[in-house]
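**Student:**
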Amino acid sequence: MGTKRRRQQHHGRWVVPPVAPAAAAFAAAGMLLLVVAFHCFLSPPLGAGGGGGRRPNPPFLLNKPGEPRRNLVGTVDFTVPSGGSKLGEELWVSKAAHSFVGCSDATSDFADAKAVTESNRYLMIATSGGLNQQRTGIIDAVVAARILNATLVIPKLDQASFWKDASDFEEIFDADSFISSLSNDVKIIRQVPDRNGKAPPPYKMRVPRKCTPNCYENRVLPALLKKHVVQLTKFDYRVSNRLETDLQKLRCRVNYHALKFTDPIHKMGQMLVQRMRAKSGRFIALHLRFEPDMLAFSGCYFGGGEIERRELGEIRKRWTTLHASDPDRERRHGKCPLTPEEVGFMLRALGFGKDVHIYVASGDVYGGEETLAPLKALFPNFHSKETLASKEELEPFLSFSSRMAALDYVVCDGSDVFVTNNNGNMARMLAGRRRYFGHKRTIRPNSKKLSSLFLNRTSMSWDTFASKVQMFQKGFMGEPNEIKPGKGEFHEYPMDCICARTKRRTGHGKPYLSKSAGEGVENHTSDAEFEWRDLDYGEITPLGGDSSNETDPDYSRIGGSDIPELEDIISD
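For what it's worth, the UniProt record's numbering labels the leading residue of the sequence shown as 1, then goes sequentially.
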């Protein structure tokens with residue numbers, strides 16, 4: 001007969017009376033079962049890691065925003081506060097912004113176009129890629145024509161690549177403004193004059209990436225002198241990043257003053273900006289870039305199990321030149337785009353409150369609404385051109401990818417804060433433009449530091465997490481003095497065109513210098529010091545690595561980086 005167990009009190013302490021060995025064994029077994037049950041409770045369901053047939057939750061859906069994040073040790077207070085930072089205005093506007101001004105006027109040494117343009121030299125350009133990649137080509141086409149003392153023919157836009165946009169130059173850009181604004185710099189015409197009643201066929205050739213002025217004089221000028229009409233094909237990043245100051249300033253005059261969108265695009269874009277401002281006095285524009293092609297090219301893993309690996313792996317097979325990726329290494333090196341949830345956490349940690357309105361410029365997001373849900377929970381005031389305008393209002397633009405991209409460009413340019421999730425052409429172009437026009441707040445994630453922080457966020461409180469984000473983002477907030485002299489891509493850091501304000505409000509102020517540059521030293525960017533994240537996801541070789549191959553008049557490929565689908569899908 002078993003002995004009835006009861007608690008006995010000895011000297012004010014509760015003790016457990018002695019038990020038989022069999023009872024002790026039974027108790028130990030019961031305790032073991034309890035431990036196993038507790039472990040099963042904490043473990044995820046089978047298949048959640050990736051082997052099952054259903055699509056697992058993306059990593060950005062591990063927890064609902066605002067709920068405490070738990071780990072195996074216990075519960076941490078990771079509740080995201082709804083309010084914003086105490087920084088207030090400083091979060092939206094740089095204190096140092098008023099100290100600098102765009103300055104792209106030509107110096108007295110830069111001769112008028114009429115004095116240097118040679119007759120019977122006509123340069124034609126065939127651009128490549130999406131809207132912003134083509135924009136870089138148009139800017140550099142003007143510079144190439146100036147180097148060659150040639151007349152530039154209005155550039156021909158890419159109508160055959162991945163984007164399949166049939167728009168010509170004058171359907172996207174204001175050609176009259178383009179021609180007249182640059183009349184003192186380069187002579188520009190709409191078409192080559194006829195010879196014997198018909199247009200002369202151009203001699204087609206291609207120059208290496210980052211071709212220097214000497215490169216143009218050695219490679220293109222002989223053909224121009226012999227053939228008189230030369231067309232440079234696949235013209236993107238075909239002019240050196242490093243040029244003399246007057247040519248850099250010419251780039252700025254083209255990009256920031258001469259190259260304007262047509263009235264329909266500009267008016268529609270401004271209407272979208274006005275509708276954002278009607279909802280909130282100021283807003284953030286986010287260039288999300290979380291499309292399947294982007295993710296596949298990055299070689300990163302986002303926690304979607306075998307389904308994600310299979311889907312993105314199939315897309316990645318398009319690019320036969322890509323090497324096998326190591327997702328963990330890519331993430332450690334900061335080469336992976338942030339997930340929508342991570343972008344949201346970064347912005348909330350920086351101090352932007354839940355009530356802030358966000359305009360999102362993006363293509364088809366991988367995972368659709370399920371992927372966007374955490375970002376929308378963090379920022380419920382979530383907008384896009386499709387939500388701000390009716391289908392009827394967007395109808396003239398819907399069938400043209402470049403015109404739709406132009407609308408996003410206008411809204412992002414008009415935002416109070418611009419946030420980019422990659423460093424492609426649109427991000428670089430807008431970052432440079434916003435620096436030129438007053439250092440408007442531009443945020444680029446410090447992916448290398450943030451990636452490890454996001455992986456370990458469940459082990460720290462929200463306050464600790466937010467403090468670390470703010471520390472890591474110093475130098476990535478669009479402030480002056482963020483980049484050392486000689487580094488960076490010119491379109492993103494147009495330092496030859498940014499001057500410290502003096503008593504003279506416009507014109508030729510003192511050139512902007514980083515604190516480390518030293519007095520009197522002009523800041524020129526370098527072709528040789530690019531990092532991976534400074535390039536488009538579509539670039540395989542560094543932009544500074546000029547090819548030594550001879551140019552090919554028949555559009556033949558020069559190097560792996562000239563594969564159209566490789567660059568054109570990803571770069572914008």
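Quick reminder that beta carbons are idealized off the backbone N, C-alpha and C, glycines included.
1. Taking C-alpha atoms, which residue in 249, 284 and 473 lies nearest to residue 639?
2. Tell me whether residue 365 sits in a helix, a strand or coil according to DSSP, three-state version.
3. Within 10 Å of its beta-carbon, does residue 323 have 16 or more other beta-carbons around it, so buried, or fewer, so exposed?
4. Taking residue 252 as part of the alpha helix (DSSP H), name the residues at either end of that continuous run.
5. Do you know offhand how far residue 224's Cα is from residue 106's?
6. In terms of residue numbering, what span does the alpha helix (DSSP H) encompassing residue 215 cover?
7. Out of 376, 364, 353 and 427, state which residue places its alpha-carbon closest to the alpha-carbon of residue 88.
8. So residue 179 packs on residue 153, CB below 8 Å; how close in whole Å?
9. Report the option in 79, 102 and 80 whose CA atom is closest to the CA atom of residue 440.
10. Return the chain-ordered list of same chain residues with a C-beta closer than 8 Å to the C-beta of residue 227, the five sequence neighbours on each side being excluded.
11. So the alpha helix (DSSP H) residue 346 belongs to, where does it begin and stop?
12. Could you have a look at residue 373 and say whether DSSP puts it in helix, strand or coil?
13. Which class does residue 497 belong to by DSSP, given the choice of helix, strand or coil?
14. Where does residue 439 sit, in a helix, a strand or coil, going by DSSP?
15. At which residues does the beta strand (DSSP E) containing residue 125 begin and terminate?
16. State the start and end residues of the unbroken alpha helix (DSSP H) segment that holds residue 266.
17. Do the stretch 143-152 and the stretch 119-133 make contact, defined as three or more Cβ pairs closer than 8 Å?
18. Would you say the beta carbon of residue 172 is closer than 6 Å to some non-hydrogen atom of the ligand MN?
19. What's the gap between the Cα of residue 315 and the Cα of residue 286?
20. Could you check which residue in 128, 305, 431 and 472 has the C-alpha nearest to that of residue 489?
21. So is residue 491 buried or exposed if we call it buried at 16+ other beta carbons inside 10 Å?
22. Would residue 494 and residue 252 be called neighbours here (beta carbons separated by less than 7 Å)?
23. Put residue 444 into one of helix, strand or coil per three-state DSSP.
24. Would you check if the distance between the CB atom of residue 334 and the CB atom of residue 484 is smaller than 7 Å?
**Tutor:** Looking at the coordinates:
1. This structure gives no information on residue 639, because the portion of the chain shown stretches from 1 to 572.
2. Taking the first residue of the sequence shown as 1, we reach residue 365 at position 365. It is coil, neither helix nor strand.
3. For the purposes of this step, residue 323 is identified with residue 323 of the sequence shown, where counting begins at 1. Label assigned to residue 323: exposed.
4. The residue you call residue 252 lines up with position 252 of the sequence shown. First-last of the alpha helix (DSSP H) with residue 252: 245-253.
5. Here residue 224 refers to the residue found at position 224 when the sequence shown is read from its first residue. Here residue 106 refers to the residue found at position 106 when the sequence shown is read from its first residue. Residue 224 and residue 106: Cα-Cα distance of roughly 26 Å.
6. Here residue 215 is taken as the residue at index 215 of the sequence shown, counted from 1. Run containing residue 215: 213-219, per the alpha helix (DSSP H) assignment.
7. Position 88 of the sequence shown, counted from the first residue, corresponds to residue 88. Of the candidates 376, 364, 353 and 427, the one whose C-alpha sits nearest the C-alpha of residue 88 is 353.
8. Within the sequence shown, residue 179 is the residue found at index 179, counting from 1. Within the sequence shown, residue 153 is the residue found at index 153, counting from 1. Not a contact, Cβ separation roughly 11 Å.
9. Position 440 of the sequence shown, counted from the start, is the residue given in the question as residue 440. The shortest Cα separation from residue 440 among 79, 102 and 80 belongs to 102.
10. Taking the sequence shown and counting its residues from 1, the one referred to as residue 227 is at position 227. Excluding residues within five positions, the ones whose Cβ falls inside 8 Å are 202 and 203.
11. Taking the first residue of the sequence shown as position 1, residue 346 is located at position 346. It spans 340-350 - the alpha helix (DSSP H) in which residue 346 sits, taken as one unbroken run.
12. The residue labelled residue 373 in the question sits at position 373 within the sequence shown. In the structure shown, residue 373 sits in a helix (DSSP, three-state: H, G or I).
13. Walking along the sequence shown from the start, residue 497 turns up at place 497. Reduced to three states, the DSSP call for residue 497 is helix.
14. Position 439 of the sequence shown, counted from the start, is the residue given in the question as residue 439. In this structure, residue 439 counts as coil in the three-state DSSP scheme.
15. In the sequence shown, the residue the question calls residue 125 occupies position 125. Counting along the chain, the beta strand (DSSP E) containing residue 125 begins and ends at 122-125.
16. As a first step, residue 266 must be located in the sequence shown, where it is residue number 266. Its alpha helix (DSSP H) spans residues 263-279.
17. yes
18. The model on display carries no ligand, and the ligand MN is accordingly not part of it.
19. Numbered from its first residue, the sequence shown carries residue 315 at position 315. Numbered from its first residue, the sequence shown carries residue 286 at position 286. In a straight line, the C-alpha of residue 315 is about 25 Å away from that of residue 286.
20. Within the sequence shown, numbered from 1, the residue matching residue 489 stands at position 489. Checked all of 128, 305, 431 and 472; the closest Cα to residue 489 is 431.
21. Within the sequence shown, residue 491 is the residue found at index 491, counting from 1. By the neighbour-count rule (16 or more Cβ atoms within 10 Å), residue 491 is buried.
22. Counting from one through the sequence shown, the residue named residue 494 turns up at place 494. Counting from one through the sequence shown, the residue named residue 252 turns up at place 252. Closer than 7 Å, so yes.
23. For the purposes of this step, residue 444 is identified with residue 444 of the sequence shown, where counting begins at 1. Coil at residue 444, not helix or strand.
24. Numbered from 1 along the sequence shown, position 334 holds the residue referred to as residue 334. Numbered from 1 along the sequence shown, position 484 holds the residue referred to as residue 484. Against a cut-off of 7 Å, the Cβ pair of residue 484 and residue 334 comes out as no contact.
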